[in-house]
Amino acid sequence: MQVARRIEEVRNEISQLAETTPTAQELMPAMVKLLHDRMLKYNWVGFYMLEPGAQPPMLVLGAFEGAMTPHTRIPLHQGICGAAASSGQTVVVDDVNKDPRYLACSLETKSEIVVPVFAHGKVVGELDIDSHFPAAFTPEHQAFVQHCAMLVGKKLEASGN
Ligand code: SME
Numbered sequence: 035m036q037v038a039r040r041i042e043e044v045r046n047e048i049s050q051l052a053e054t055t056p057t058a059q060e061l062m063p064a065m066v067k068l069l070h071d072r073m074l075k076y077n078w079v080g081f082y083m084l085e086p087g088a089q090p091p092m093l094v095l096g097a098f099e100g101a102m103t104p105h106t107r108i109p110l111h112q113g114i115c116g117a118a119a120s121s122g123q124t125v126v127v128d129d130v131n132k133d134p135r136y137l138a139c140s141l142e143t144k145s146e147i148v149v150p151v152f153a154h155g156k157v158v159g160e161l162d163i164d165s166h167f168p169a170a171f172t173p174e175h176q177a178f179v180q181h182c183a184m185l186v187g188k189k190l191e192a193s194g195n
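Residue numbers for the sequence shown follow this note's numbering, so the first one is 35 and each next one is one higher.
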């Protein structure tokens, strides 16, 4: 199946999921499962959320699908994850082995995308996806993953949790 068609199909499924799921706490595990099951190159999919009130700020592993990662708590100055959360910008890395910021989760990972989740204008967490394929996250994937992260932010704003 063509990538654009697959993305469109899964985008519709995710949008439907967001409409029928009352809270972000329920949406996040369902979303990572759907992305992991349906997007063939999304080999690890998970959320890191900012720990409320933590000083210094800390990203904590939330719902995820894929192999267990040693990185369950990531400070903002570490990793691709820290870079995305501290800048509030999506980070796409085509070859993780060439990026000195990269914290390894699996030896098989070749590329990664991290998209911040915003609620009420502030970064509250992020959606992190690893691929066993180099340069898996083309601009069309980037737009799709940003849409997913946005749905979680909106749900957090609407439901408060
Ligand atoms: N690779 C991430 C760490 C998280 S694991 O990939 C699940 C990073 O460099 O921040």
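The beta-carbon is built from N, C-alpha and C at its ideal position, and this holds for glycine as well. Model, not experiment: these values are computed from the prediction.
**Study point:** Alpha-carbon spacing of M184 relative to T57, whole angstroms
**Key:** Within the sequence shown, numbered from 1, the residue matching residue 184 stands at position 150. Within the sequence shown, numbered from 1, the residue matching residue 57 stands at position 23. Those two C-alpha atoms are separated by around 14 Å.
Practice item. Along the beta strand (DSSP E) that carries K156, what are the first and last residues, could you check? Key: Counted from its first residue, the sequence shown places residue 156 at position 122. Taken as a continuous stretch (DSSP letters only), the beta strand (DSSP E) holding K156 covers 156 to 165.
Exercise for review: Find out if the Cβ-Cβ distance for the pair V66, G80 is shorter than 8 Å.
Suggested key: For the purposes of this step, residue 66 is taken as residue 32 along the sequence shown, with counting starting at 1. For the purposes of this step, residue 80 is taken as residue 46 along the sequence shown, with counting starting at 1. For the 8 Å CB-CB criterion, V66 and G80 form a contact.
**Study point:** Which residues DSSP lists as bridging F98, in chain order
**Key:** Counting from one through the sequence shown, the residue named residue 98 turns up at place 64. BP columns for F98 point to G80.
Practice item. Could you spell out the range, first to last residue, of the alpha helix (DSSP H) harbouring P134? Key: On the sequence shown, residue 134 is found 100 positions in, with the first residue counted as 1. Note, P134: premise wrong, no alpha helix (DSSP H); not H, not E.
**Study point:** Neighbourhood of Q59 by C-beta, 7 Å cutoff - its chain only, sequence neighbours within 5 removed
**Key:** Against the sequence shown, residue 59 aligns to sequence position 25. Here the set comprises N195.
Point to revise | As assigned by DSSP and simplified to three states, the class of F171 | key: Against the sequence shown, residue 171 aligns to sequence position 137. Residue state, collapsed to three classes: coil.
Check your understanding: Regarding T106 and ligand 1, is the C-beta to nearest heavy atom distance less than 7 Å?
Key -> Position 72 of the sequence shown, counting from 1, holds the residue named residue 106. T106 Cβ: outside cutoff for every heavy atom of ligand 1.
Check your understanding: In terms of alpha-carbon separation, which member of L137, T54, A192, L141 lies closest to V148?
Key -> In the sequence shown, residue 148 corresponds to position 114, counting from 1. Measuring from the Cα of V148, the nearest candidate turns out to be L137.
Check your understanding: Can you tell me whether P150 is buried or exposed, with buried defined as 16 or more other CB within 10 angstroms of its CB?
Key -> Counting from one through the sequence shown, the residue named residue 150 turns up at place 116. P150 should be labelled buried.
Check your understanding: Do V186 and M62 have their CB atoms nearer than 8 Å?
Key -> On the sequence shown, residue 186 is found 152 positions in, with the first residue counted as 1. On the sequence shown, residue 62 is found 28 positions in, with the first residue counted as 1. Yes, the Cβ-Cβ distance between V186 and M62 is below 8 Å.
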